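Student: Residue numbers (my numbering): 125 to 310.
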DNA sequence: AGATTGATCCAT
DNA sequence: TGGATCAATCTG
């Protein structure tokens, strides 16, 4: 399976968010490898997007979004959950794709058979399951170590992508209306 | 609808 | 330094 190169991420975030659907998120943890298919994403695009953390400018927390694409932005939310984001666009343009849901697609050593095919819906849940926390913040996803992404096996049809409003951003005024949440229908 | 939980940010 | 806020999840 081919690893996604930096130039994949160095593109408009709305495109990357949709192209990530069906791709594989691979986690290597303590010598074991877990692989999951991405089924839901959300795009957060630039300082003008009031839902994007970078709308408040460059801070130590948002710094990674201003950096090179293809890195992980992992932050803690509500004191108990982590969310995994993929940095996109060119350097100095802050944007990222939030991974909202994945589906366990193979049978890695640590997983029971029952868990194959299970859909991990919710960014906090999938991070907990895949042992993703802030130690992986700023991680380079183009190296085949700890956490990386791979091309999807086959093409997906555009009509399988459902667009809807993003979740949990009621404060974002007009940006609430953007249909920047992408779900892969089975 | 409420409780949980702590990092982050901005105003003092 | 203090307090409001928060891209969530579970329970009932």
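Note that CB positions come from ideal geometry on N, CA and C, so glycine has one too. Given the structure is predicted, the values throughout are model-derived calculations rather than measurements.
Let me check understanding here. Comparing Cα to Cα, which of 305, 135 and 258 lies closest to residue 203?
Tutor: Indexing the first chain from 1 puts residue 203 at position 79. With distances taken between Cα atoms, residue 203 lies closest to 258.
Student: Looking at the secondary structure, which residues open and close the alpha helix (DSSP H) in which residue 141 lies?
Tutor: The residue given as residue 141 occupies position 17 in the first chain. 137-143 is the span of the alpha helix (DSSP H), which, as asked, contains residue 141.
Student: What is the DSSP secondary structure of residue 179, counted as helix, strand or coil?
Tutor: Here residue 179 is taken as the residue at index 55 of the first chain, counted from 1. Looking at residue 179 - three-state DSSP - the assignment turns out to be helix.
Student: Looking only at its own chain, which residues have a Cβ that is under 7 Å from the Cβ of residue 200, when we skip the five neighbours before and after it?
Tutor: Start at 1 with the first residue of the first chain, and residue 200 comes out as number 76. Cβ neighbours of residue 200 beyond the five flanking positions: 206 and 258.
Student: Kindly indicate which three-state DSSP category residue 161 falls into: helix, strand or coil?
Tutor: Position 37 of the first chain, counted from the first residue, corresponds to residue 161. Three-state DSSP puts residue 161 in a strand.
Student: Taking the alpha-carbon of residue 166 as reference, which of 298, 310, 297 and 288 has the nearest alpha-carbon?
Tutor: On the first chain, residue 166 is found 42 positions in, with the first residue counted as 1. Of 298, 310, 297 and 288, the residue nearest in Cα terms is 288.
Student: Can you give me the Cβ contacts of residue 303 inside the same chain, cut-off strictly under 7 Å, excluding the 5 residues immediately before and after it?
Tutor: To locate residue 303, count along the first chain from 1; it is residue 179. Here the set comprises 287, 288 and 289.
Student: Between the Cα of residue 251 and those of 168, 222 and 169, spot the shortest distance and give me the residue it belongs to.
Tutor: Residue mapping note: residue 251 aligns to position 127 of the first chain, counting from 1. Ranking the options by Cα distance to residue 251, first place goes to 222.
Student: Are there 16 or more other CB atoms within 10 angstroms of the CB of residue 273, so buried, or fewer, so exposed?
Tutor: One-based indexing of the first chain puts residue 273 at position 149. Classification for residue 273: buried.
Student: Specify the secondary structure class of residue 188 as computed by DSSP and reduced to three states.
Tutor: Indexing the first chain from 1 puts residue 188 at position 64. Reduced to three states, the DSSP call for residue 188 is helix.
Student: Please report the distance separating the alpha-carbon of residue 161 from that of residue 181.
Tutor: For the purposes of this step, residue 161 is taken as the residue at position 37 of the first chain. For the purposes of this step, residue 181 is taken as the residue at position 57 of the first chain. Approximately 32 Å, taken between the alpha carbons.
Student: Where does residue 227 fall in DSSP's three states?
Tutor: Here residue 227 refers to the residue found at position 103 when the first chain is read from its first residue. Here residue 227 sits in strand by DSSP.
Student: Taking the runs of the beta strand (DSSP E) that are 3 residues or longer, which of them lie wholly in the segment 240-273?
Tutor: Listed in chain order, they are 243-245.
Student: Roughly how many whole angstroms lie between the Cα atoms of residue 194 and residue 157?
Tutor: Sequence index remark: in the first chain, residue 194 carries index 70 (1-based). Sequence index remark: in the first chain, residue 157 carries index 33 (1-based). In a straight line, the C-alpha of residue 194 is about 20 Å away from that of residue 157.
Student: Measuring CB to CB, does residue 151 end up less than 8 Å from residue 256?
Tutor: By 1-based counting over the first chain, the position of residue 151 is 27. By 1-based counting over the first chain, the position of residue 256 is 132. Yes, the Cβ-Cβ distance between residue 151 and residue 256 is below 8 Å.
Student: Under three-state DSSP, which class holds residue 222?
Tutor: If you number the first chain from 1, residue 222 lands on position 98. Three-state DSSP puts residue 222 in a strand.
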